[in-house]
Structure formats: structure tokens, C-alpha cells
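*Asks:* Heads up: the sequence shown is residues 2 to 391, going by my numbering.
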Amino acid sequence: MGAGPAGLLLSHLLHQAGVRSVVLETRSRAYVEQRVRAGVLEDGTRQILLRAGVGERMERQGLVHEGVNFAFEGSLLHFDFPALTGGHTITVYGQQEVVKDLIRARLDAGGDVRFEAEAVRLEDLDGVVRVYYRNPDGSEDCLEADFVAGCDGSQGICRGWLPDSVRRVHQRAYPFAWLGILAEAPPASHELIYVNHHRGFALFSMRSPHLSRNYIQVRAEETLEEWPDERIWEELQRRLDRAAQITVGPVREKSLAPLRSLVVEPMQHGRLFLAGDAAHVVPPTGAKGLNLAVCDVVVLARALVDYYRRGEEAGLRAYTDRCLEHVWQAEHFSWWMTQLLHRLDDPFEEGMQRAQLRALRRSEAARRYLAENYTGVHTSLRYVDWVPAG
Ligand code: APR
Ligand code: PHB
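Here it is, written out as C-alpha cells:
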């Protein structure tokens, strides 16, 4: 359920192993292909997409970055990823581009992806599962399946089908949001810059040498109406300060997203398995969302293939425990980056931030921790071998 990166990649991996699936997606194909999301792939995610045979355009158009920068206390700190991790890098490639590549691969292979088909309820999670879905004309249809993968994102229905008696939801809300713009302007720098500034956090990212993607921290209750383009550019430059000079350009897209952390346990019940944002949400600081979804799906695909090929159920039974290992690791990293870089309005927390930021400047071990997490050493890189090389 869901044609985001999780549902599409799962369907693709299953197809490669000869297992049939149907993808149901509420939205239209155009909508999911245009939806602007984060755009940083861990080294492991890049390698997984390549092995799965859906990385050709990413290799041509993605931007390989060898590090990121932090700006704080008036100067820049560079993280040299290959030096700190034994050669790993990251790739800047928009999530909607990954989605486009996956949809193309599914459709070229004759895959069954049903757009504008909204799943409304599930029946019999312990037997042959029935999935009821609504067509654009309002009529209802039903699919029968051995398994349902709930890849329907943070607002989907699948999470709600875990019985109340088993579902535990752990969450944290943050008192701020990210206001993001996609603009036709060269990026502020050739690498990402994360800014800790007394006016608030800012991030300078990109999609190409001509498209910049920038964010500023705003209060959770602010609205887009309060932020005309000129005010956003002015605020971006004030927070970037003298670290770099930004070039202003037409704003193509503008969005406001609250920050939260959320983990659902268990990630399975009967024949329903949750993957991606349906099971966990991270604040975007560190860009882990898509990468985590890819880890879940690789674990789930292998468990399902073992079941169909050899009748083995051990992988399916171990799904939650396996996933929670990488999920909590990425939850911690995203939470830590968020605490470290945002304006928190609390003198104690600010003291903690200063101490940690200065430790990053002084200590290579501290920088290595960040670099390993950022490139996926503890998450996606552990699963590359799980995907059969195509
Ligand atoms: N029936 C069918 N489809 C649904 C339903 C439903 N009832 N509810 C939601 N969906 C669809 C959504 O329209 C969406 O396209 O499920 C899809 C979920 O996709 P994503 O939100 O992209 O989630 P996921 O595939 O887990 O990818 C995780 O996406 O949200 C970002 O930051 C997040 O990068 C992370 C990545
Ligand atoms: C992005 O380019 O959209 C992006 C990059 C890094 C992040 C979050 C978002 O941490």
C-alpha cells in the first residue's frame, strides 16, 4: 500500500525475485512524481538502488558529495566523509526522482501500480487478507493477498490496523518547523551547509548546479503567508552570515513542515508489515527518511522471498526486531542533529549545544560518528549485500 519510495522499491525487489504484487496509491502518478521531499542518499542507499537496477539516472544526474559543512560561532567546520569513513560519500538526488525511476521500472516490467486507488480497510489479517479500495468514481474493489505491506506513509491507514492492544507509539514533537524553498538559483556552496545561528537554524542544499533547496527554522505555529519570498531570502542570508553569499532567484516551490520523531512498535501484526514512514518518522535534519524506508524494504523483501522460495518464516518473524535496530539508530541521529543545530531558547540546552559543537571541531572521533551516520555505515550500508546484484 502506497507508491512512495518504500512501496515502489518493495514491489520492484519482489518482482525481481518472481513474487507478484499490486501497488495501491491514493494519489495520481503526476502528484507523486512532483512531490518535493528531501534529497540526500546515503552511500548504502545509492548502492542498493544500483544493485536493484534502478540507479542508472541517479548515477548520471545525482551529485556525489564528499562531505557537508556546519557553520557556527562565525566559522565553517567541514566533515570529510571519505577520510572519516574509509571512502563513503553521499549523493544529492531528489526523492521524487527516485520515485520517477521506480515507477518507470515497475511499468516497463508490466508491474501493476494502481494510482488514484485509495485503500480504505483491511479484513482478516491472519488469513487471506482482503484489501478494500476506492476508485476515482467512488466504486469499491477488493484485492486478496497473502501479505500486505503498509507503505502508506505517515498519514496512512495501515498503522491504525495494528490492534490497540499491541500497538505502542513513541513520539516527540519539536516546537519548530522548517520552511523550505526550491529556487532557480545556484546553490550557496558546492556542498550542504547546516547553520547553527542565534536567529535559528538554516540549511543550504541543492538539487542541481542551477537549483537551490534551502530551509529555515520557524516557529511551529507560523504560516506561509507570513513569509513572502523577499523575507525568506533576507533571513537565509542573515543566518548564513559571512559563511557564503547566496544568489536570489525565482522560487518554484515553498513548503512548511513541522518536525517530529515517531516510532511504532511492533512493525507487524499477522500478515500486515509496516515499512517506511508508516512505521517511523524522523525530523529532516540529517535526511534519514528515505534511507530508512529503503532499509526496511530490503529486510522485508528478503523475508518474503525466503518465505516463497523455501517456506522459511524466520525472516518474517524477525522483521520488527531487525528493523528496530536501524530505526532507533537513525531516530537517535536525527534527534541529535536536530538538538544540535536548532535554536532551543533554553540556556542549559544551548550550553549543551556549544559543548557538543566544539567537541566536533576538536575531535576527529566525534566527526567520525557524524560521518558514519550521515553516510549510512550503521544503516543502509549493512544491507547492500542483501540485494542480489542484478
Ligand atoms: N491508500 C493508498 N495509498 C495511500 C494511502 C491509502 N489509504 N494513504 C497514503 N497513501 C500513499 C501516499 O499518497 C503516498 O504516496 O502512500 C504513499 C506513502 O509514501 P511516502 O509518504 O513517500 O512514504 P514512504 O514510501 O515510506 O517514504 C518515506 O518519504 O515522507 C517521506 O521523508 C519521508 O523520505 C521519507 C520517505
Ligand atoms: C534537502 O536537500 O532537501 C535536504 C538535505 C539535507 C537534509 C534535509 C533536506 O538534512
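Backbone N, C-alpha and C fix where the C-beta goes; we use that ideal spot for every residue, glycine too. Here the structure is a predicted model, which means the values were calculated and not measured.
With DSSP run on the structure shown, which of helix, strand or coil describes Asn215?
*Replies:* Asn215: strand per DSSP, three-state reduction.
*Asks:* Hey, is Asp138 close to the ligand APR, as in C-beta under 7 Å from one of its heavy atoms?
*Replies:* Checking the Cβ of Asp138 against the ligand APR gives no.
*Asks:* Ignoring anything shorter than 3 residues, give me the beta strand (DSSP E) runs that lie fully in the stretch 87–159, in order along the chain.
*Replies:* Listed in chain order, the complete beta strand (DSSP E) runs (minimum 3 residues) inside the stretch 87–159 are 91–93, 113–115, 119–124, 130–135, 141–146 and 149–151.
*Asks:* Is the number of C-beta pairs between the stretch 277–284 and the stretch 150–168 that are closer than 8 Å three or more?
*Replies:* Touching, yes, given that three or more Cβ pairs across the two stretches are closer than 8 Å.
*Asks:* With contact counted as at least three CB pairs below 8 Å, one residue from each stretch, are the stretch 248–267 and the stretch 321–335 in contact?
*Replies:* Verdict: yes, contact present.
*Asks:* Using the three-state DSSP reduction, which class does Phe450 fall into: helix, strand or coil?
*Replies:* The chain is shown only over 2 to 391; residue 450 falls outside these bounds and no answer can be derived.
*Asks:* Considering only C-alpha positions, which residue in the set Ala118, Gly250 and Glu222 is nearest to Glu235?
*Replies:* The candidate whose alpha carbon is nearest that of Glu235 is Gly250.
*Asks:* Do Gln354 and Asn197 have their CB atoms nearer than 8 Å?
*Replies:* Contact flag set, yes.
*Asks:* As a quick exercise: from Glu67, Lys289, Arg107 and Trp329, pick the residue whose alpha carbon is nearest that of Arg30.
*Replies:* Closest option to Arg30, Cα to Cα, is Arg107.
*Asks:* Does Ser256 come out as helix, strand or coil in the three-state DSSP assignment?
*Replies:* Three-state result, Ser256: strand.
*Asks:* Which runs of the beta strand (DSSP E) spanning at least 3 residues fall entirely within the stretch 166–243, listed in chain order?
*Replies:* Correct list: 169–184, 193–196, 203–209 and 212–220.
*Asks:* Got a sec: does the ligand PHB put a non-hydrogen atom nearer than 7 Å to the Cβ of Arg47?
*Replies:* Arg47: no, Cβ never under 7 Å from the ligand PHB.
*Asks:* Ala4: which of Val24, Tyr94, Ser140 and Leu123 sits nearest, CA to CA?
*Replies:* Here the closest residue by C-alpha is Val24.
*Asks:* Answer with buried or exposed for Glu141, where buried requires no fewer than 16 other C-beta atoms within 10 angstroms of its C-beta.
*Replies:* Answer is exposed; the Cβ neighbour count stays below 16.
*Asks:* If Leu382 sits next to Ala39, beta carbons under 8 Å apart, how far is it from one beta carbon to the other, in whole angstroms?
*Replies:* Contact flag wrong, Cβ pair sits at about 19 Å.
*Asks:* Just to confirm before moving on: does the CB-CB distance between Leu257 and Ala315 stay below 8 Å?
*Replies:* No, the Cβ-Cβ distance between Leu257 and Ala315 is not below 8 Å.
*Asks:* I want to know whether the stretch 333–350 touches the stretch 296–316 - three or more CB-CB distances under 8 Å.
*Replies:* Touching, no, given that fewer than three Cβ pairs across the two stretches are closer than 8 Å.
*Asks:* In whole angstroms, give me the CA-to-CA distance for Gln48 and Arg369.
*Replies:* If I take the Cα positions, the gap works out to 21 Å.
*Asks:* When the Cα atoms are used, what is the spatial distance from Val306 to Thr321?
*Replies:* Each residue's alpha carbon lies about 17 Å from the other.
*Asks:* Would you identify the three-state DSSP class for His327, choosing helix, strand or coil?
*Replies:* DSSP places His327 in helix when its eight states are reduced to three.
*Asks:* Could you check if Leu257 belongs to the surroundings of the ligand APR, using beta carbon to heavy atom distance under 7 Å?
*Replies:* Checking the Cβ of Leu257 against the ligand APR gives no.
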